[in-house]
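The listed protein sequences derive, respectively, from chains Z and Y. The letter at position 58 of the first sequence is residue 38 when you use our numbering, and the numbering goes up by one with no holes. Count along the second sequence from 1, then add 998; that gives the number in our numbering. One structure is given here, and the rest of the page talks about it.
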Amino acid sequence: MNENGKNLLHHERFGITIERLCHQLIEDWGDFSDACVVGIQPRGVPLSDRIHERLQVLTGNTKIEYGRLDITFYRDDFRLHDTPLAPHPNEMDFIVTDKKVLLVDDVLYTGRTIQAALAALQHYGRPKAIELLVLVDRRFNRHLPIQADYAGLAVDALDEAYVRVHWREIHGEDEILFFEKKQ
Amino acid sequence: MKQLSTRHLIGIKNITENDIHLIFETADNFKEVINRPIKKVPSLRDITVANLFFESSTRTRVSFELAERRLSADIVNFTASSSSVSKGETLLDTVNNILAMKVDMVVMRHPAPGACVFLSKHIPANIINAGDGTHEHPTQALLDAYSIREKFGDVAGKKVAIIGDILHSRVALSNVFCLLKLGAKVRVCGPPTLIPRHYGDLGVEVSHDVRDTLRWCDVANVLRIQLERQDIKYFPSLREYHQYFGITREMLDSLNKEITVMHPGPINRGVELTSDVADSRQSIILQQVENGVAVRMAVLYLLAAQQA
C-alpha cells in the first residue's frame, strides 16, 4: 500500500506530534471542564480517540465529554457522487450549548468537511466557541475561509497530490503518507 | 458505497436482498437522527417530492411527509378528493402537470394495481410506491422486516405468520416477498375465502388454523379485514370472524412461549386483535410506526442519490 507513498511522519515522531498537540490544548483550554471533544467520522475518529484519551490522563479530568460526529447527511456534494454516501455511526449523547468544542479531523484540505461538521454541530445547541484540530493541514486548495487552530503538520502540495494518514489500530502502523497522484 | 439496484421502489419483488440490507443499514443511521433533539438533516434540501394520494391514508402519508421534512426536502401534497381527478383528468396528465412544476420524486398511493409501474415508464422522476391497490406496499414490508430485525437481531430463520385478509392485502404480498428474500419462514393464515388459491406457490405455508399458527410462529403480523375492498361476502359476519381468527389474550397466554405481535394499522379492535393484545408488552405496533419514518428516510435518501 505505502510503497509509492513518501512517508512524511512515522511512528515515533507521530506520537510526539500528538503529545505536543495535547499539551498545546491544555495550555489554552485548561482542564477541559467546560469543553468537549468531537471527532469527525470516520477518519477523524482514530485521532480524536487518542487525543481524548491523552487529555484525560494529562489533565486528570476523567469526565471530558466526547462525541463522534457523522456528517454524511450534511455534505454539500451528496448528489454529485455516482453512489450514495455511506453514513457512519453518530455518537453524540450530549448538548454543546455553552461549551467549548474541539473539533478533530485527520486532514484539512478544501474545508468542506469542516463546513458540514459546523452545520451538524448546530443541531446540538449553541456552543460557546468551536476550535479545529487537524493532524495534517494542507494549506493550498482551500475552498472556504476555514483554518485550523491546531495542526500537527503543515503540507504544501498541488491539487493532484494525496495525503493519507494510517493508524496503528487500523492499518498496523502510525504514519502520514504523501502521494504525488491520487491513487 | 453500495447503491440500490433500482431507480424506483415499485415493489419488493423487483429489488434484491442486498438492496434490503442497504436500506436497513441506512435506516439505522436515520433512526439515530430522529431520536436527536433536532430531528432534521439537510440531505435532500435541493429535492422536491410530490406525495400523490389517490386513496385515503393516515399513517403512510404522515410517515412519508415526516421522513421528507426530516431530510429537508420540499413537499407538494396532493389528495385525489380535492383535485382535478374528480373532474376527469387522467393519471398521466395529472402527474405530468405536477412534474412540469419540477418535481424530482413522486410518492404515490393509488387504488389500481400497477399504477406505479405505469408511471415509472412515462415520467423521469423516481417513483416510490406507497400502496397500489391489492398489489404491493413495499415500505410497509420493509419497516415490518426492519422491526423484526430490531427485535430479534436478524430476520433469517425466524418464523413469521401473516394472519387475516391475505386476498385484499398489499401488505401481505410485499411482506411475503421481503421475508422470503431475507431468509425467514413464512406462513399465511386466514379463512379459505381470504387466501388466494395459489399463494402456496410463492414459497409460503398456508394454514386455516390460527391457534396452530400461533404455536408455530415467532412473530404474528396481523392484518385488518379490508371491508372496503370486499364487494361480496367472504365470511358470515365480523363477529364470527373474530371467533375463529381473532387473537385474544387467552390465546397468547395458552402458548408455551412469548410471540411478538405486529399490525400494520389501522387496527379494528375486537375483530382481528383484542385491545389487551394490541396494547400488550408483546406488541411492537408503535415501534413499527417509529421505524416507518426511519425506513422511509433511508429509501428517499438512497433513491435521491440515484438522481445525478
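Ideal placement from N, C-alpha and C gives every residue a C-beta, glycine not left out. These numbers come from a predicted model, not from an experiment.
Legend entry - Y/G1131 - containing beta strand (DSSP E), residue span: It is not in any beta strand (DSSP E) - Y/G1131 carries neither H nor E in the DSSP assignment.
Legend entry - Limits of the alpha helix (DSSP H) - the one that Y/S1028 falls within: Residue 1028 of chain Y is actually Phe in this sequence, not Ser. It spans E1015 to V1031 - the alpha helix (DSSP H) in which Y/F1028 sits, taken as one unbroken run.
Inset, instruction - Output, in chain order, the set of chain Y residues within a Cβ distance shorter than 7 Å of Z/Y219. - result: In this structure chain Z extends from -19 to 163, so residue 219 of chain Z is not present and cannot be described.
Inset, instruction - Kindly confirm or deny that the segment 59 to 72 of chain Z and the segment 87 to 97 of chain Z touch, where touching means at least three C-beta pairs closer than 8 Å. - result: Note that the segment 59 to 72 of chain Z does not touch the segment 87 to 97 of chain Z; fewer than 3 beta-carbon pairs, one per stretch, sit closer than 8 Å.
Legend entry - Beta carbon proximity, Y/A1123 to chain Z, threshold 8 Å: Taking 8 Å as the CB threshold, Y/A1123 stays off the interface with chain Z.
Inset, instruction - Assuming Y/R1222 and Y/N1266 form a contact by the criterion Cβ under 8 Å, report the distance between their Cβ atoms to the nearest whole angstrom. - result: Right, their Cβ atoms sit about 6 Å apart.
Inset, instruction - Tell me where the beta strand (DSSP E) around Z/K(-14) begins and ends. - result: Counting along the chain, the beta strand (DSSP E) containing Z/K(-14) begins and ends at K(-14) to H(-10).
Inset, instruction - May I have a chain-ordered list of the beta strand (DSSP E) segments no shorter than 3 residues that lie completely inside the segment 1169 to 1194 of chain Y? - result: Fully contained in the segment 1169 to 1194 of chain Y are the following beta strand (DSSP E) runs of length 3 or more, in chain order: 1183 to 1187.
Legend entry - Z/H103, DSSP secondary structure in three states: Coil at Z/H103, not helix or strand.
Legend entry - Short CB-CB distance (under 8 Å) between Y/R1034 and chain Z: By this cut-off, Y/R1034 is an interface position.
Legend entry - 6 Å CB neighbourhood of Z/V76 in its chain, flanking five on each side removed: Correct list, in chain order: Y104, G105 and P107.
Inset, instruction - Go to Z/N70, then tell me how far its alpha helix (DSSP H) extends in each direction, as first and last residue. - result: Segment: none, Z/N70 is in no alpha helix (DSSP H) and carries neither H nor E.
Inset, instruction - Less than 8 Å between the CB atoms is what I'm expecting for Z/N41 and Z/F74, so what's the real figure, rounded? - result: 15 Å between Cβ atoms; not a contact.
Legend entry - chain Y contact residues for Z/P67, given Cβ-Cβ distances below 8 Å: Going along chain Y in sequence order, the residues near Z/P67 (Cβ under 8 Å) are T1024 and N1027.
Inset, instruction - For Z/H61, name the three-state secondary structure that DSSP assigns. - result: Here Z/H61 sits in coil by DSSP.
Inset, instruction - Have a look at Y/A1306 and Y/S1041 and give me their C-alpha separation to the nearest angstrom. - result: The predicted model places Y/A1306 with a pLDDT of 48, which falls under 50 and marks its position as unreliable, so this point remains unresolved.
Inset, instruction - Could you say if the segment 1020 to 1028 of chain Y and the segment 1122 to 1131 of chain Y meet the contact criterion of at least three C-beta pairs nearer than 8 Å? - result: No, they do not touch.
Inset, instruction - Under 6 Å Cβ to Cβ from Y/G1009, same chain only, skipping five residues before and after it: list those, please. - result: Beyond the five residues adjoining it in sequence on each side, Y/G1009 comes within less than 6 Å, by CB distance, of E1134 and P1136 in the same chain, given in chain order.
Inset, instruction - Label Z/Y130 either buried or exposed according to how many other C-beta atoms from any shown protein chain fall within 10 Å of its C-beta, with 16 as the threshold for buried. - result: Z/Y130 is buried by the Cβ-count criterion.
Inset, instruction - For the alpha helix (DSSP H) holding Z/Y142, just list the boundary residues, first then last. - result: Segment Y142 to H146 is the beta strand (DSSP E) holding Z/Y142; no alpha helix (DSSP H) there.
Inset, instruction - Using 10 angstroms around the beta-carbon of Z/D154, count the other beta-carbons present and answer buried if the total reaches 16, otherwise exposed. - result: Z/D154 is classed as buried because its beta carbon has at least 16 other beta carbons within 10 Å across all chains shown.
Inset, instruction - Could you spell out where the alpha helix (DSSP H) holding Y/S1118 opens and where it closes? - result: Where Y/S1118 is concerned, the enclosing alpha helix (DSSP H) stretches over A1113 to H1120.
Inset, instruction - Name, please, each residue of chain Z whose Cβ falls closer than 9 Å to the Cβ of Y/K1000. - result: Y/K1000 reaches chain Z at T63, P64 and A66, counting residues in chain order whose Cβ is nearer than 9 Å.
Inset, instruction - Report buried or exposed for Y/V1291, applying the criterion of at least 16 other Cβ atoms within 10 angstroms of its Cβ. - result: Buried, by the Cβ-count rule.
Legend entry - Reduced DSSP secondary structure (H/G/I, E/B, other) of Z/S28: It is helical.
Legend entry - Residue-level contact to chain Y via CB, Z/H103, 8 Å cutoff: Yes, contact with chain Y.
Inset, instruction - Out of Y/G1244, Y/M1103, Y/A1296 and Y/G1198, state which residue places its alpha-carbon closest to the alpha-carbon of Y/D1044. - result: Nearest Cα to Y/D1044 within the set Y/G1244, Y/M1103, Y/A1296 and Y/G1198: Y/M1103.
Inset, instruction - Tell whether a beta-carbon distance below 8 Å holds between Z/S28 and Z/V17. - result: Against a cut-off of 8 Å, the Cβ pair of Z/V17 and Z/S28 comes out as a contact.
Inset, instruction - Please specify which runs of the beta strand (DSSP E), each continuous and at least 3 residues long, are wholly inside the segment 1069 to 1110 of chain Y, giving them in chain order. - result: Listed in chain order, they are 1072 to 1077 and 1103 to 1108.
Legend entry - Beta-carbon proximity check, Z/G24 vs Z/V84, cutoff 8 Å: Contact check for Z/G24 against Z/V84 passes: the beta carbons are separated by less than 8 Å.
Inset, instruction - Quickly, what does DSSP pair Z/D85 with across the bridge? List them, please. - result: DSSP output for Z/D85 lists Z/V114 as bridge partner(s).
Legend entry - Contact set for Y/D1029: own chain, Cβ-Cβ below 6 Å, skip 5 residues either direction: Correcting the residue type first, residue 1029 of chain Y is Lys in the shown sequence and not Asp. In the same chain as Y/K1029, and ignoring 5 residues on each side of it, the C-beta atoms closer than 6 Å to its own belong to A1292, in chain order.
Legend entry - Cβ shell of Z/M(-19) (< 7 Å), same chain only, five flanking positions each side left out: Because the pLDDT at Z/M(-19) is just 47, under 50, the model does not fix this residue reliably, and the point stays unresolved.
Inset, instruction - Return the residue from the list Z/K161, Z/H123 and Z/P26 that minimises the CA-CA distance to Z/E149. - result: In terms of CA proximity to Z/E149, Z/P26 leads the group Z/K161, Z/H123 and Z/P26.
Inset, instruction - At 8 Å on the CB atoms, spell out the chain Y contacts of Z/R106, in chain order. - result: For Z/R106, there are no neighbours in chain Y by C-beta distance under 8 Å, as the nearest C-beta there is about 12 Å away.
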